[in-house]
Structure formats: structure tokens, C-alpha cells
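In my numbering, the protein residues as written are 233 to 577.
Structure record follows, encoded as C-alpha cells.
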């Protein structure tokens with residue numbers, strides 16, 4: 233199908249700081265842009281706000297499209313709009329209340345918190361995309377304006393770095409989102425190592441921690457993760473908004489890394505306690521306990537967790553995400569015409 237015959241899907245990006253465009257949210261929106269680009273029925277258009285700040289940060293997921301942005305934000309009747317975060321600013325207040333075209337909107341459970349900057353946008357009509365069943369239930373219970381569809385995050389397994397034959401990091405604490413907690417955990421682990429204070433048989437020797445600032449690119453992080461025998465993942469705690477999905481735990485599984493990760497709303501569907509990982513309570517003491525428990529498991533049990541982790545990662549291949557999104561785009565205009573699903577001012 234020629235480009236002229238494809239339906240247009242509009243994306244809006246506003247990048248205002250040197251690190252803008254580098255976070256996980258931008259990664260997944262860019263994935264969605266790529267899904268549309270590779271489809272037979274749709275073509276993506278991206279509009280960058282006039283105040284966007286361009287820089288040379290290598291981790292900016294939109295940097296390569298700088299010169300491909302359309303000069304004017306002008307969706308037409310037959311188009312679709314894809315919003316995430318505060319992209320609603322592309323519309324006037326009147327357009328937010330009654331969008332001129334169907335809007336697909338990634339929404340996260342933390343957006344339902346009154347202090348979240350994206351909270352006000354949930355009252356506007358949109359076809360919502362949640363990243364997990366648990367997250368979708370929270371959004372539905374809250375009462376977002378419009379139906380909610382679940383499209384779990386996917387991993388491009390072909391883009392992962394190779395797994396070293398000999399991993400040289402015993403435990404990697406992924407503390408970018410919870411640095412204070414990460415520091416407490418690594419201090420406790422190192423103290424136990426120094427004074428041999430443990431009921432467990434052995435203690436890890438090489439413990440690394442990822443703290444702010446984040447590494448320059450996503451591949452830098454994945455390469456670090458691939459070196460780890462075990463990853464202690466620290467997603468956002470519930471009192472800080474929790475997670476819509478939480479990809480690092482799944483990426484660790486794909487990289488044959490053992491995982492210890494407390495539940496944080498969006499990872500309930502893929503972090504399965506004593507199936508593919510250990511799921512501690514979100515306390516320093518229990519995370520430490522489960523970390524040492526995992527470290528001291530017999531080889532066959534560790535192999536069991538690794539095998540199940542790799543299988544779970546296979547379920548989340550990027551192709552599954554792509555197909556689910558394209559299917560929803562195919563249905564978007566029909567869904568939008570069902571007046572009973574939306575409250576339009």
C-alpha cells in the first residue's frame with residue numbers, strides 16, 4: 233500500500249531539557265512510532281513543539297527524527313492522534329474536551345494521583361492504553377473517560393547485547409528510581425560481606441549499584457545488566473506513584489540474569505514469585521533477605537528461575553506489542569464512534 237493511501241497517525245513531542253527524550257516513556261512512544269512506520273496500513277507523523285531543545289545526548293530516542301518532524305500540527309478528520317504524558321498540550325482546551333480526531337492515549341496508574349501532572353487529562357475522551365491488566369483495572373476503577381485496552385510492553389530481543397560467557401558482576405542493584413533505598417541495600421550487603429554476618433552459606437563478592445545519573449544510552453544499561461548474575465530491581469514504590477509496567481526486570485530475564493524484584497503494580501503480570509524470580513516485600517530487610525536467598529539457591533533452582541525468566545521474556549517480544557497496537561489502530565475509528573464509551577463535552 234502506498235504512503236498516500238495509508239492513514240496518518242500523529243505523534244507530539246516536547247523536549248525541554250538536555251535529558252528529555254531519554255526516559256522509558258519516550259522509549260516506548262518511539263517504539264509505537266516505529267510500529268506504525270512498519271505497518272502496511274498506517275504512516276506516522278511527528279510534530280516537535282517549537283520550544284523543543286535539541287542537544288547531542290546520545291540517549292535521546294527522537295534525535296534521529298529531528299529533521300523529519302512536520303512543520304505544523306494539523307490532524308485531519310481521517311487521522312489518528314497518539315498521546316502520552318502531557319501531549320494533550322497540543323490541543324486547545326475545547327479540543328481536549330471534544331477531540332476532532334480519535335485519540336489513543338497511554339495512561340499509567342500513577343496518573344490517577346491528584347498530584348500527578350497528567351491527572352487532569354484523564355477526564356478527556358480517549359482510547360486508553362494500559363501496559364498491564366493490573367494497571368488497566370486501576371484506570372477503570374478510577375473512571376477514565378473512555379475504554380481501556382491492555383498492550384504490555386515488548387522487548388526487541390534481537391537488539392539485546394550478547395550475554396557474556398562469564399558474568400563478572402555478582403549482584404547489580406538497579407537503583408535509578410529509588411537511589412536512597414539502593415544505597416541502604418548495598419551498605420547492608422557490603423557490611424555483611426565485611427563481617428561475615430549472615431545465616432547463608434555464601435555472600436556475593438562483586439556488588440554493583442546503578443545510581444543517578446543514568447548511563448548515556450539504553451544499550452549502556454543493557455550491557456551492564458547482561459554482565460550481572462543477579463539483578464535486584466527497585467521500581468518506583470507505591471507512595472511515589474508505582475509502575476505502569478517496569479521493563480528492566482523483564483530485560484534482566486531475557487539476559488539470563490536472576491531477578492529479585494518487589495511488586496509495584498505494573499510488574500505483577502511478569503514478576504511471578506518463585507516461578508521466574510523472587511518477589512520480596514518492599515522493605516530493606518525483606519529485599520536483603522530474598523537477595524541472599526536467591527544467591528544461595530542450588531544451581532538447579534537457579535536454572536529453573538532463569539529458564540522461566542527467558543520464557544516470560546519470549547512472551548513479550550516486540551512483535552506482539554506491534555501487532556496489538558496495529559490491531560487497535562485498525563479499530564480506533566469504529567471505537568471512537570461508539571458514543572456510549574465516552575463523555576464528550
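The beta carbon of each residue, even a glycine, is placed where N, CA and C say it ideally should be.
Source: prediction; values computed, not measured.
For the beta strand (DSSP E) assignment, the uninterrupted runs of no fewer than 3 residues enclosed by the segment 403-489 are, from N- to C-terminal side, 439-442, 460-465. Around the Cβ of residue 390, a 10 Å sphere holds fewer than 16 other Cβ atoms; the residue is exposed. Bounds of any beta strand (DSSP E) do not take in residue 374; it lies within the alpha helix (DSSP H) bounded by 365-374. The continuous beta strand (DSSP E) containing residue 381 extends over residues 380-382. Excluding sequence positions up to five before and after residue 567, its CB lies within less than 6 Å of the CB of 359, all in the same chain and listed in chain order. Counted as a single uninterrupted DSSP element, the beta strand (DSSP E) harbouring residue 336 occupies residues 335-338. Beta bridge pairing from DSSP links residue 275 with 240.
Less than 9 Å divides the Cβ of residue 561 from the Cβ of residue 239. Shortest Cα-Cα distance from residue 305 to any of 298, 287, 293, 280 involves 280. Between the C-alpha atoms of residue 329 and residue 373 there is a straight-line separation of about 21 Å. The alpha-carbon of residue 538 is positioned some 10 Å away from that of residue 461.
For residue 315, the beta-bridge partners assigned by DSSP are 337. When DSSP states are grouped into helix, strand and coil, residue 308 belongs to the coil group.
Across the structure, residue 308 and residue 334 are spaced so that their CA atoms are roughly 10 Å apart.
Distance between residue 395 and residue 311, taken at the CA atoms: about 42 Å. Its chain contains 516 as the residues whose beta carbon lies nearer than 8 Å to that of residue 416, once the 5 sequence neighbours on both sides are disregarded; these appear in chain order. In the DSSP secondary-structure assignment, residue 245 is bridged to 280. Shown here, residue 388 sits in coil according to DSSP, grouped into three states, outside any helix or strand. At a Cβ-Cβ threshold of 9 Å, residue 575 and residue 540 do not count as neighbours. Ranked by Cα distance from residue 266, the options 570, 475, 558 are led by 558.
Under the criterion of beta carbons closer than 8 Å, residue 383 and residue 464 do not qualify as touching, at roughly 28 Å. Straight across, the Cα-Cα distance linking residue 236 with residue 271 is about 14 Å. For residue 360, the uninterrupted beta strand (DSSP E) run begins and ends at 359-362, by DSSP. CA-to-CA, the gap between residue 338 and residue 254 works out to about 17 Å. Cβ atoms of residue 268 and residue 241 come within 8 Å of each other, at about 5 Å. Cβ-Cβ separation between residue 439 and residue 413: approximately 15 Å, too far for a contact (criterion under 8 Å). In the DSSP secondary-structure assignment, residue 401 is bridged to 460. In terms of Cβ geometry, residue 457 and residue 409 do not form a close pair [threshold 9 Å]. Residue 344 and residue 397 have their C-alpha atoms spaced approximately 44 Å apart.
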